[in-house]
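At position 368 of the sequence shown (counting the first as 1) the number is 428 in the numbering used here, and the numbers step up by one without a gap.
Beta carbons are placed, not taken as given, at the ideal position from N, Cα and C, and that holds for glycine.
Since we're looking at a predicted model, the values are computed, not measured.
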Amino acid sequence: MATPGSRSEPSQLAEYSCSYRVSRPVYSELTFQQQRERRLQERRTLRDSLARSCSCSKKRAFGVLKTLLPILDWLPKYRVKEWLLSDVISGVSTGLVATLQGPFPVVSLMVGSVVLSMAPDDHFLVPSGNGSTSNTTTLDTGTRDAARVLIASTLTLLVGIIQLVFGGLQIGFIVRYLADPLVGGFTTAAAFQVLVSQLKIVLNVSTKNYNGILSIIYTLIEIFQNIGNTNIADFIAGLLTIIICMAVKELNDRFKHKIPVPIPIEVIVTVIATAISYGADLEKKYNAGIVKSIPSGFLPPALPSVGLFSDMLAASFSIAVVAYAIAVSVGKVYGTKYDYLIDGNQEFVAFGISNVFSGFFSCFVATTALSRTAVQESTGGKTQVAGIISAMIVMIAIVALGKLLEPLQKSVLAAVVIANLKGMFMQVCDVPCLWRQNKTDAVIWVFTCVMSIILGLDLGLLAGLLFGLLTVVLRVQFPSWNSLGSVPSTDIYKSVTHYKNLEEPEGVKILRFSSPIFYGNVDGFKKCVKSTVGFDAIRVYNKRLKALRRIQKLVRKGQLRATKNGIISDVGLSNNAFEPDEDVEEPEELDIPTKEIEIQVDWNSELPVKVNVPKVPIHSLVLDCGAISFLDVVGVKSLRMIVKEFQRIDVNVYFALLQDDVLEKMEQCGFFDDNIRKDRFFLTVHDAILYLQNQVKSREVQDSLLDTITLIQDCKDPLELMEAEKNEEELDVQDEAMRRLAF
């Protein structure tokens with residue numbers, strides 16, 4: 061009987077039995093470009109680019125219109141039978157919560173700080189009219205509130221203009237820098253802030269409105285300091301609401317395949333709680349906190365005070381960015397969950413239009429509210445139809461039905477919000493898994509969450525964004541690199557550190573550097589090169605230069621002599637030629653350049669002077685540039701310097717897998733000259749290795765011919781040499797014959 065593991069053997073054998081053979085010439089970049097003519101890249105002028113961008117067609121106009129009005133794209137695809145009932149229930153539930161609670165706390169606090177700084181109470185103190193001689197003043201609340209509404213609406217208009225400008229300038233690309241770990245940590249911190257803001261409502265405990273650094277901590281401390289003042293009726297109502305909502309939601313999740321529509325527990329709880337509060341008169345009997353009054357109707361449109369723009373420009377810029385970032389962060393969470401993309405520019409335009417329009421109707425800065433978003437998602441909302449229905453519920457409540465909801469306890473609404481934050485808090489469970497997958501991403505998650513709690517969501521988001529960018533810079537500045545070896549009889553090259561049984565070509569080192577080369581990591585790249593080859597090219601050159609000067613000095617003194625081939629040999633048996641490395645050379649001899657010294661030395665042999673010259677066991681260095689995506693000017697200059705440094709010590713540097721745009725950048729920066737040519741650049745690492753192996757074989761043949769010629773020239777009688785070779789051949793033949801007879 062076959063074992064269970066034997067089923068996978070055929071596929072494994074099939075994997076290794078498949079092979080391919082390629083027969084092609086060795087390609088350098090120069091030969092490849094000569095054989096395969098390169099296409100000329102079309103370079104558009106500014107006029108051509110503008111003409112192309114301003115051109116219009118029916119298809120393009122409709123695409124732009126769908127971008128501005130996404131409803132034209134998704135509404136024709138709407139599945140009425142599958143989605144409508146869920147959207148209605150979700151819209152009603154979200155609308156009830158949105159009617160009875162205020163906007164997102166972060167933006168509220170930021171707008172409130174601007175309003176309070178520009179319209180403090182001190183500006184609206186008027187003398188009292190009681191006719192007494194005492195100097196007393198009273199606060200004109202009506203004028204103050206009107207001024208503050210005007211400032212808030214003007215701020216809303218300016219925020220909308222800034223967001224529209226950002227959308228027009230395509231600044232939405234910043235969405236790319238809101239990585240999933242950053243968004244996860246940020247939204248979890250936002251959920252914690254919402255929890256704290258709702259907790260004081262559940263307990264009916266009053267606190268100050270803190271803003272800025274440690275505001276959440278201060279609020280929590282004050283809540284627990286005043287916890288003895290908790291209203292029991294509100295606490296019990298809120299606790300029961302949380303338990304009931306979470307229990308029903310768990311049932312909805314477990315039996316979602318059997319229940320056609322999720323149970324609208326938020327609507328049910330709101331209606332029942334309103335009836336109980338009204339019937340039992342909880343406000344009078346137990347001092348419960350209720351909604352009390354909901355203003356009805358809309359304010360008429362009014363022109364904002366444009367003259368205030370200069371005083372609130374800096375604050376409006378930060379509010380525009382923070383409101384946008386909060387919306388996009390929450391959107392990315394659900395976009396990841398339900399597999400759809402967030403268009404950053406579209407979000408800027410959408411919020412910009414909304415805020416510009418709202419600025420004329422005394423409205424507040426619009427952004428995504430985490431609590432309402434969580435309610436809409438958890439109650440089964442499928443599309444933007446739920447949002448439309450939610451807006452209609454808010455409008456109906458403001459116009460007509462607000463009075464019916466006035467007896468509702470605030471703690472019930474707060475409990476509904478808390479119960480719907482479960483999904484956000486469950487993101488904490490992702491951290492251990494993230495730590496196992498990528499520790500850097502896990503640190504970004506935790507750092508962003510902690511900083512957002514400590515510093516506030518606005519500064520916390522900025523801190524998390526900067527920290528995430530810092531990790532990217534550090535990873536680029538200290539990238540991975542590997543010394544490569546080949547799998548025998550293949551063109552596959554892998555890290556000799558990670559894999560066994562790899563062959564490193566004799567006299568060749570192969571380095572793969574997995575990062576762009578720019579001003580920030582040039583020094584790191586040089587260290588990688590030094591670690592790969594095992595020596596410092598500059599130190600080797602300096603030591604060789606010092607040794608040459610010593611040798612020349614000894615040759616001049618007659619203690620050494622040089623043959624015609626530049627081979628150094630000592631004169632006699634004395635050891636006077638060996639001088640210590642610590643000796644101070646004469647000043648006039650230190651300026652002798654190497655080109656004036658005609659003596660050639662085998663630097664890997666033992667030298668007749670005591671100068672510690674590092675051995676150079678290689679003749680070539682191959683740089684695998686496949687992972688180098690770009691070079692800057694500093695990187696190109698550093699590469700050129702490295703090539704020159706190795707050339708001085710008779711080591712050639714070759715490049716492989718260089719991308720075309722990187723090669724173009726090197727050409728633009730003047731990398732090539734007579735000594736650095738394109739024939740040193742190869743399409744693959746294997747091309748470079750085959751070329752070097754061929755060069756070594758050719759050199760060995762030439763060296764053997766030179767040795768023979770030298771031997772003939774040094775021999776006094778060439779006939780004797782030929783006779784000696786003939787005798788050796790005869791002896792070899794006789795020896796071979798004797799061996800055959802022996803066996």
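The distance from the Cβ of Val329 to that of Cys305 is about 6 angstroms, consistent with a contact at the 8 angstroms cut-off.
In terms of Cα proximity to Val593, the closest of Leu132, Pro565, Arg139 and Ala607 is Pro565. When the Cα atoms are used, Leu300 and Leu128 turn out to be separated by approximately 44 angstroms. Inter-segment contact for the region 197-211 and the region 387-401 is absent: fewer than three beta-carbon pairs are separated by less than 8 angstroms.
Taking one beta carbon from each stretch, the region 409-427 and the region 216-231 have 3 or more pairs nearer than 8 angstroms; the two touch. In the three-state reduction of the DSSP assignment, Asn712 falls in the strand class. When only Cα atoms are considered, Ile354 and Lys463 end up about 7 angstroms apart. About 3 angstroms separates the beta carbon of Gly412 from that of Leu224, a gap short enough to meet the 8 angstroms contact definition. Within the same chain, and ignoring the five residues on either side of Ser698 in sequence, the residues whose Cβ sits closer than 8 angstroms to its Cβ are Ile577, Val582, Phe585 and Lys586.
In this structure, DSSP gives Trp663 a state outside helix and strand, which the three-state scheme calls coil. For the pair Ala475 and Gly298, the CB atoms are nearer than the 7 angstroms cut-off.
Residue environment analysis places Pro364 among the buried positions, since at least 16 neighbouring C-beta atoms fall within 10 angstroms of its C-beta.
The continuous alpha helix (DSSP H) containing Asp313 extends over residues Ile292 to Arg314. Judged by their CB atoms, Ala293 and Val472 are not nearer to each other than the 7 angstroms cut-off. Gln469 is bridged by DSSP to Ile350.
Inclusion of Ala212 and Val175 in the CB contact set at 7 angstroms is warranted, their separation being smaller than that value. In the structure shown, the three-state DSSP call for Ser168 is helix. Taken in chain order, the unbroken stretches of alpha helix (DSSP H) that lie wholly in the region 578-622 and span 4 residues or more are 582-593 and 597-617. Listed in chain order, the alpha helix (DSSP H) runs fully inside the region 688-755 are 693-708 and 720-728, counting runs of at least 4 residues. A residue is called buried once 16 or more other Cβ atoms fall within 10 Å of its Cβ, and Lys318, having fewer, is exposed. Restricting attention to Ser680, Leu238, Glu724 and Val661, the CA atom closest to the CA of Gly395 is found in Leu238. In the displayed model, Glu97 falls within coil according to three-state DSSP, outside both helix and strand.
When Leu255, Ser438, Thr433 and Phe369 are compared, the shortest CA-CA separation from Asp313 is found for Ser438. Look at Asp399 here: in three-state DSSP terms it is coil, with no helix or strand label. When Leu683, Val82, Lys704 and Leu743 are compared, the shortest CA-CA separation from Asp720 is found for Leu743.
Straight across, the Cα-Cα distance linking Tyr338 with Val454 is about 21 angstroms. Only residues of its own chain outside the window of five on either side were considered, and among them Gly567, Val568, Lys569, Val593 and Val711 have a CB closer than 7 angstroms to the CB of Ile678, listed in chain order.
In chain order, Thr267 and Ile283 place their CB closer than 6 angstroms to the CB of Lys260, counting only its own chain and leaving out the 5 sequence neighbours on each side.
Residue range Gln444 to Ile456 is occupied by the alpha helix (DSSP H) that includes Ile448. For Ser438, the enclosing alpha helix (DSSP H) covers residues Leu430 to Ser438. Beta-carbon to beta-carbon, Val308 and Ile323 are separated by about 5 angstroms, close enough to satisfy the 8 angstroms threshold.
Within the model, the alpha-carbon separation for Tyr553 versus Asp734 is close to 30 angstroms.
Note that the region 251-259 touches the region 480-490; at least 3 beta-carbon pairs, one per stretch, sit closer than 8 angstroms. Less than 7 angstroms divides the Cβ of Gly232 from the Cβ of Asn405. When the Cα atoms are used, Ala429 and Ile234 turn out to be separated by approximately 21 angstroms. Residue nearest to Arg98 within the set Glu724, Ile736, Glu760 and Arg737 is Glu724 (criterion: CA-CA distance).
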